[in-house]
Structure formats: C-alpha cells, structure tokens
Amino acid sequence: MHAMWSSTSYEPHILSLLFALAPAALLTVIAYAAVMRGAPILRGFLLAHCAALLPYATAMMLAPSITDRGAATHVFRIAGAFVPMAAATGTGFQISLSGQFRRLRWLVAGLIATAAIWVYVGSATGAEVNGVRWLAGYWYADAGPWAWLALLHTLGALIPGFVVLGHAALTTRAPDERRQLRAAWLATLITSSGLIDVGLAYGVGRFPIGWLLAGLGCLLVLRALIVEDLLRVRAIDTTAPMLVVHFAAGVLLAWAALATLAAPIPWPLTAATLVVCFAAVRVAVATVSLVNRGGRGEGPLDRLLAQLASRARAVSEPPAIAQLAIDIVELGLGVRPAILLASQDDWGWTTHTGARLADDEAPDPLLAGWLAERREAVFADDFEAVPDDLRPLLARLITHHAARALFPVGNGDDVLGLLVIPAAGRRLRVAAVGFLERAAERLAEALLHARLAVRAAERAEIARQVELAATVQAALLPGKGPHALGAVTVVGSWQPATRCAGDFWLASALGAPAPDAPVLIVIGDVTGHGVASAMVSAAALGACEVCVRRAGRALALPALVEALDAAVRRVGGGSLAMTCAAAILDPAAGEIRFVSCGHAAPYVCRLAADPAPAAIELHALVARGNPLGTGAPAVPRVQRRPLQAGDLVVWYTDGVVEAQDPAGAPFGDRRLQHLLKKLDRARAAPLAVHDLVQRGVAAHRGGRPPADDETLVVAQLAEAR
C-alpha cells in the first residue's frame with residue numbers, strides 16, 4: 006500500500022477539478038444533514054446514502070490525477086464495493102420519507118445486510134473490479150467476474166424505494182408534502198441514473214456521466230432540504246451554501262498550488278498542501294463573515310431563534326405558538342420542554358395543548374407575580390434567590406412537572422407562560438441557558454402579538470356590528486325629503502356623532518291618503534350614543550309604526566307615549582332614557598296637537614299680521630312631561646294650538662343648540678331664534694329653512710365634527726290656493 010501511494014502515484018490534473026462536482030455536492034449534503042436535529046431515522050439514511058456514494062465520486066475525482074495503475078485499481082475496487090450499499094441506504098431513505106419504514110423495516114435491514122457483504126467482497130477481491138484501464142485522460146474500472154451480480158443486486162435494492170416513494174408522491178393529499186416527495190423522488194432518480202457508467206466497465210462508451218448525475222442529484226436533494234423543507238427543519242439553511250464555498254474555493258486553491266509545484270510531488274507534501282489550502286479558505290471566509298456580522302458570530306441557535314420569531318408571526322393561537330417553541334427548543338438542545346400558558350380571563354393555566362391545569366399543578370398567583378418581576382430562570386437545585394414564603398410553592402410546582410428549570414415567559418409585569426425544562430437529560434450549560442432565555446423572550450413577544458391580534462379581531466367584529474347597526478338604523482329613518490304628506494310638507498335630517506346614534510325622527514300620514522289627512526311627526530333623543538342608544542331608538546321607531554298602523558286617524562298621543570315608554574323601558578333596561586316630542590298636524594281642524602316628554606320646545610314660524618316688513622312671528626310650543634324609560638309617570642297633557650296655512654314648525658334635538666364653536670360656546674336657543682326670525686318669508690320653504698339652520702350650526706362648529714347627535718325637522722302646512 007505504501008508503494009501504491011509513493012511520490013510517483015499521484016499528479017494533479019485539471020480534469021480532476023471537473024469531476025470534483027460530485028464529491029463537493031455530496032459533502033455539502035452530508036455537512037448540512039449532520040448539523041441538524043430531529044428526524045433521526047430519515048437523516049441517518051440520508052447521511053449513510055451520501056457517504057456510500059462518496060467513494061465512487063472521490064474515485065472519479067482522483068482518476069485523472071492517479072499515475073499508478075495499482076493505486077487506481079485499489080481506489081476503484083473500494084468505490085465499486087460501496088455502490089450496492091448506496092442503493093440499499095437510498096431505498097431506506099425513500100421508504101422513511103414515505104412514512105412506511107416501520108412496516109418495511111425488515112426489508113430495509115435485509116438490503117443493508119446483503120450490501121455489507123458486497124462492501125467486504127468488492128474491496129478485498131477482484132470480484133467486482135478486476136482492474137483498470139486508461140481512457141481519454143482518466144482511469145476507469147474493468148468489470149470483474151461477479152460485477153453483473155452486484156449490478157443486479159443494486160437494481161433490486163433500488164426498485165422497492167422508488168415504488169414506495171412514487172406511490173406516496175402520487176397519493177398523498179397534502180400539496181406541500183406531495184411536492185416534497187416528488188422533489189425527493191426526482192433527485193434520487195437522477196442520482197441512481199449514474200449506474201449508466203457500468204457500461205464503461207464493459208467497454209461501452211468513452212466518457213463517464215455518473216459523476217455529473219450524482220452531483221446534480223445531490224444538488225436537487227440539497228434544494229429539497231432547503232426549499233422544500235425535506236427534513237421538516239430549516240433552522241440552519243445558510244450552513245450548506247457556506248460549505249459549498251469552502252469546498253469549491255479550497256479545491257481551486259489546492260489545484261493551483263499543486264500545479265505550481267515541481268513534479269513529482271511526495272504524497273506527504275501533497276497532503277500538507279491540501280490542509281494548508283483548505284485552512285486558508287476557512288480563515289478567509291470566517292474573517293469576511295466576522296467583519297460582515299460585526300463580530301457577533303451568529304450560530305445555529307441564533308438562526309433557530311430567528312425561525313421561531315418568523316414562523317410565530319403566521320400563527321395566532323397560543324397553543325400553536327407554544328408547540329412551535331417546543332419544537333424549536335428540541336431542535337436546538339435535543340431536550341423537549343413543556344410550556345404552561347396563563348389564561349387571559351382568570352388566574353387559570355393550561356398546557357400547550359390547551360388542557361386546563363389543576364390548581365395544585367398551576368403556578369400560584371403569588372409565585373407567578375414574583376416570576377414575572379424576576380424575569381430570570383429558576384433552577385430546581387438553586388433556591389437561594391427565592392423568598393422564603395414562595396419556596397414551598399416553587400418546590401411543589403417543580404415536583405409536579407419534574408422540572409430542572411423554569412424560564413418565565415413575560416411582558417413587563419405580566420406573566421404569559423412558563424417554559425419548563427425537564428429534569429431528565431443533560432445539564433444545561435451556559436450557552437443552552439442563554440438560548441432558552443432568548444427563546445422565552447421570543448415566545449413572550451409571539452404570545453403578546455397573538456393576544457393583540459385576538460383583541461384586534463374582537464374590535465373589528467364590534468366595529469362590524471356597529472357598522473351593521475348604523476346601516477340598519479339609517480335604513481329605518483326617513484330620507485331628508487321633502488316629503489309631501491297631503492297638505493303637509495316635511496323635511497328632516499339626522500347627523501350622528503358616532504356611527505350609531507340615539508336620535509330619531511318620524512313623519513307619517515294617519516289613515517287613508519287624503520289632502521286633509523292628519524300627519525304625525527315624532528322626534529326623540531336617547532341618552533348617549535352608540536349601539537345601545539341606537540337599539541332603543543330603533544325600538545321607539547318600531548313602536549311608533551305599530552301605533553300608526555293600528556290606530557290610523559284615531560291615534561291618540563297619550564297612547565303613543567305609553568307605547569314609547571314601554572319600548573324604551575324594555576330595551577333600555579332602565580339604564581337609558583329618551584326625551585321625545587310628538588305632534589299631529591291636522592289641516593282639516595286647522596290645529597296642531599302636541600306633547601313633550603322632556604324634549605326641547607319646537608317653534609312655529611308665522612307671517613306677522615302686518616305684512617309690510619314681512620316679519621316672522623315665532624311661537625314656542627311649550628309642553629311639560631317626563632323623559633321616557635325612567636319609571637316616572639310618562640303620560641303628558643296634550644296641548645293644542647291653531648295652525649294656519651303657510652305656518653312652519655321646526656323641531657330639533659339638543660345636539661343642535663348645544664353645538665359648540667372652537668372656543669366652547671354653544672350655538673344656543675337665542676341664536677336659533679334670531680335665525681328663524683330673520684327668515685325670508687317669501688322663500689321660506691321647508692327645505693330652505695332646514696338648510697339655513699343646518700348651515701348655521703355647521704358654521705358655528707367651525708368645521709369640527711358634532712359632539713352630539715343632531716336632528717332637525719321642518720314641516721309646513723300648505724297655503725290655500
């Protein structure tokens with residue numbers, strides 16, 4: 006063996022650089038899978054498969070540079086001996102990936118056992134590789150007497166894996182998993198296609214392509230590992246590209262260094278040159294990375310924490326976030342923790358699965374408060390910093406959960422959960438404790454984000470309900486008009502301070518349509534504004550409509566007030582009251598009958614007796630009564646006033662006269678009275694009067710939104726023609 010690898014048995018050749026693709030890809034996959042945690046069976050078969058392919062890939066890389074036939078024969082015998090093992094472990098990888106390993110584990114074990122026989126026979130004898138011959142610039146193996154049997158065994162070992170994985174890739178329902186399986190099936194198919202090089206061993210062909218297919222297949226496997234999340238972990242997906250950079254740069258530098266040295270080169274010098282070149286590349290890459298990161302030295306645990314933070318953003322349920330944190334900690338430290346979650350509604354606690362904890366298993370409120378303030382881990386064998394009165398509570402909690410350490414998961418003074426590290430397993434070192442503390446911080450951020458998301462969803466639902474209530478309320482109220490109801494024309498508006506209002510108004514003709522039909526006008530103001538007030542105003546509107554339909558012309562204002570009072574008390578529950586003014590304009594009788602239940606007095610605008618100045622006489626329709634829904638006597642006395650043709654009646658809610666300017670001064674009754682007295686009688690139609698008052702109030706507010714609901718109704722009795 007020493008003679009085989011003498012100073013004259015190896016001379017670097019540029020063709021070796023081309024063939025280095027396959028071992029570089031294999032080493033990348035091996036390095037990537039080796040530093041992962043989780044999926045041990047699947048990862049083990051992947052490592053074994055790539056390791057079994059590595060001898061052949063290495064042999065092809067060395068083939069152009071080996072100068073001794075005996076050394077080349079020995080290299081190719083070892084390479085050929087591991088080909089059946091590569092097929093057997095590849096089948097194990099495919100079967101594990103499809104989820105059928107438990108059912109077919111004996112088949113996989115048998116394939117690996119028989120492949121192990123070929124490893125011994127092929128490497129120790131010439132059964133597979135009888136020798137080598139020189140082709141176009143490289144050595145290649147000559148088939149031994151039992152090479153055909155080894156080939157049949159290899160093909161037989163490959164078929165079960167492709168069948169099982171292919172069936173799973175076609176029948177799996179989950180689209181993500183189906184895409185993963187198809188990517189893995191294609192990658193292993195391309196890798197296995199490298200068996201086509203067997204033809205060279207029998208004198209068929211001139212140039213090998215197995216190294217290329219193996220390299221491409223490994224690159225596809227690497228893509229499946231990173232992009233398709235083949236091993237269901239993406240904690241360290243930047244390690245593999247860095248390894249590619251290391252290997253490629255090291256090979257290139259070593260080839261350049263060996264090419265400049267004078268041949269022949271002793272093998273110890275060659276080995277030393279390779280070591281120095283790879284070390285130089287490693288130092289250079291590490292230096293550049295250190296400079297780029299500012300000396301922080303981000304490692305796999307840091308990337309795991311980044312994964313926890315990024316993946317938690319897509320999860321809104323605390324149990325799912327806790328499960329994600331458990332998986333991340335297990336990947337990072339190899340120990341599976343438990344997470345206890347604090348309830349948002351009470352002092353209760355649940356597990357990460359959502360199961361309620363018994364009181365004796367949950368952290369005591371006193372202990373939870375101390376842990377939230379401490380914000381540091383507590384260890385089962387170190388109670389020195391624990392107050393004396395809390396030590397029994399902490400000891401009971403640790404005993405119940407068989408814990409080695411407790412890491413508080415909190416935000417400010419609020420504890421959101423506990424990260425419980427089990428006592429079974431290795432001791433926690435400094436790096437592990439730091440990782441767990443940062444994981445608890447990320448978990449707290451994620452849980453707080455989930456709580457805020459839930460609250461935002463609840464507020465959005467409330468806003469949706471308010472929007473719906475506002476839409477319904479607006480649909481129940483009459484439009485602005487003008488509405489011609491026989492001899493009476495009505496114009497009204499409703500401007501809520503919020504989306505829902507407590508104000509309402511109604512105008513309805515009583516009885517059968519007729520020119521002299523009486524007209525009912527009701528205006529009300531429920532205390533406050535919002536959904537509750539809107540519900541009361543909707544109930545009041547419904548009560549008015551029911552009374553109108555039942556009584557018609559015979560409607561009596563006291564009966565209407567009783568119905569309104571009952572509706573307000575029933576819906577408002579005694580906590581909401583309503584002021585109200587109701588009037589019946591009767592053109593046939595030439596009068597207006599009205600009542601007031603704590604509401605502002607409306608005004609009658611009438612042309613003065615002396616028409617020369619076209620002055621407006623203003624009369625207040627004053628009546629007394631209690632607000633509705635308070636439980637006080639609600640039936641007021643009905644008042645009557647004569648009503649002449651052309652008279653205008655103006656109703657309003659307190660939001661009109663209480664509207665404030667930027668300095669805080671209210672619009673006031675006097676300003677409203679002066680505005681009405683200055684009406685142009687010749688153009689005093691209901692719509693013009695309504696708009697005049699509305700613009701005056703808006704100008705007084707100075708562009709600010711109303712602080713209270715504003716409702717304004719103007720009615721006019723038509724003049725005789």
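Okay, so the sequence shown: first residue is 6 according to my numbering, each after it adds one.
All C-beta atoms in this analysis are idealised placements derived from N, C-alpha and C, irrespective of residue type, glycine included.
Starting from the Cα of L186, find the closest Cα among L157, I100, R318 and R460 and give me that residue.
Measuring from the Cα of L186, the nearest candidate turns out to be I100.
Residues that DSSP places opposite H624 in a beta bridge
DSSP output for H624 lists V609 as bridge partner(s).
Going by DSSP, what residue range makes up the beta strand (DSSP E) through P427?
That run of the beta strand (DSSP E) goes D419 to P427.
By the three-class DSSP mapping on this structure, what secondary structure does S12 have?
Only weak support is given to the placement of S12: the predicted model assigns it a pLDDT of 46, under 50, and the value that follows is read from those uncertain coordinates. Residue state, collapsed to three classes: coil.
DSSP on H488, reduced to helix/strand/coil?
Strand at H488.
Between R308, S315, G595 and A254, which has its C-alpha nearest V290's C-alpha?
Among R308, S315, G595 and A254, the Cα nearest to that of V290 belongs to A254.
In this structure, does DSSP put L452 in helix, strand or coil?
Helix, per DSSP.
Can you check DSSP and say which residues form a bridge with C549?
Per DSSP, C549 has no beta-bridge partner at all.
Cβ-Cβ distance between L306 and G339 below 8 Å:
Taking the C-beta atoms as reference points, G339 is found no nearer than 8 Å to L306.
Name the two residues that bound the continuous alpha helix (DSSP H) containing T119.
For T119, the enclosing alpha helix (DSSP H) covers residues F106 to A129.
Backbone secondary structure at R676 - three-state DSSP
Three-state DSSP puts R676 in a helix.
Which of helix, strand or coil DSSP assigns to Y145
In this structure, Y145 counts as strand in the three-state DSSP scheme.
What three-state label does DSSP hand R629 in the structure shown?
Three-state result, R629: coil.
Please work out which residues of its chain come closer than 8 Å, Cβ to Cβ, to L52, disregarding the five sequence neighbours upstream and downstream, and give them in chain order.
Excluding positions up to five away in sequence, the list reads I35, A38 and A39.
With a 10 Å radius around its C-beta and 16 neighbouring C-beta atoms as the bar for buried, classify H406 as buried or exposed.
Burial call: buried.
Sub-8 Å separation of A410 and I426 beta-carbons:
It is a contact, given that the beta carbons lie within the stated cut-off.
Do three or more CB pairs link the region 570-589 to the region 537-552 at distances below 8 Å?
Taking 8 Å as the limit for Cβ pairs, the verdict is that the region 537-552 does touch the region 570-589.
Buried or exposed: which applies to F212, given that a residue is buried once 16 or more other Cβ atoms fall within 10 Å of its Cβ?
Counting the other Cβ atoms within 10 Å of the Cβ of F212 gives fewer than 16, which makes it exposed.
Since V391 contacts L399 with CB under 8 Å, what's their CB separation in whole angstroms?
Going by Cβ atoms, the distance from V391 to L399 rounds to 6 Å, so yes, they are a contact pair.
Does the beta-carbon of H18 have 16 or more other beta-carbons within 10 angstroms, so that it is buried, or is it exposed?
By the neighbour-count rule (16 or more Cβ atoms within 10 Å), H18 is buried.
What does the Cβ neighbour count give for E724, buried or exposed, with the cut at 16 atoms within 10 Å?
Burial call: exposed.
I'd like the list of long-range same chain contacts for A343, defined as Cβ closer than 6 Å, with 5 residues on each side in sequence excluded.
Result list for A343: V425, in chain order.
Do G222 and A192 count as a contact pair if the criterion is CB distance below 8 Å?
Against a cut-off of 8 Å, the Cβ pair of G222 and A192 comes out as a contact.
First and last residue of the beta strand (DSSP E) that includes I589?
M583 to D591 is the extent of the beta strand (DSSP E) around I589.
Where S103 sits in the DSSP three-state scheme:
Coil.
Alpha carbon to alpha carbon, how far is R239 from L170?
In this prediction, R239 has a pLDDT of 31, which is less than 50 and means its spatial position is unreliable; nothing more can be read from the coordinates.
Return the first residue and the last residue of the alpha helix (DSSP H) that T404 is part of.
Per DSSP, T404 belongs to the alpha helix (DSSP H) from R396 to H405.
Best match in T78, G97, S103 and G161 for proximity to G131 [C-alpha to C-alpha]
Nearest C-alpha to G131: T78.
Using only CA atoms, which one of V718, Q644 and L452 lies nearest to A319?
Nearest in C-alpha terms to A319, of all of V718, Q644 and L452, is L452.
A206 versus L258 - alpha carbon distance
Each residue's Cα considered, the two are about 32 Å apart.
Using C-beta distances below 7 Å, list every residue in its chain close to L309, excluding the 5 sequence neighbours before and after it, in chain order.
Around L309: A240, I333, L336 and G337.
Leaving out five residues on either side along the sequence, give the residues of the same chain with a beta carbon under 8 Å from the beta carbon of G634.
Answer for G634: V541, D570, V573, R574, G577, G579, L581, A582 and M583, listed in chain order.
Under the DSSP definition of a beta bridge, which residues are partnered with A720?
In DSSP, A720 forms a bridge with V495 and V654.
Taking all protein chains shown into account, decide if S315 is buried (16 or more other Cβ within 10 angstroms of its Cβ) or exposed.
Taking a 10 Å sphere around the C-beta of S315, we find fewer than 16 other C-beta atoms and assign the residue as exposed.
So, is D393 buried or exposed, given that buried needs 16 or more other C-beta atoms within 10 angstroms?
So D393 counts as exposed.
DSSP state of F212 mapped onto helix, strand, coil
F212 falls in the coil class under three-state DSSP.
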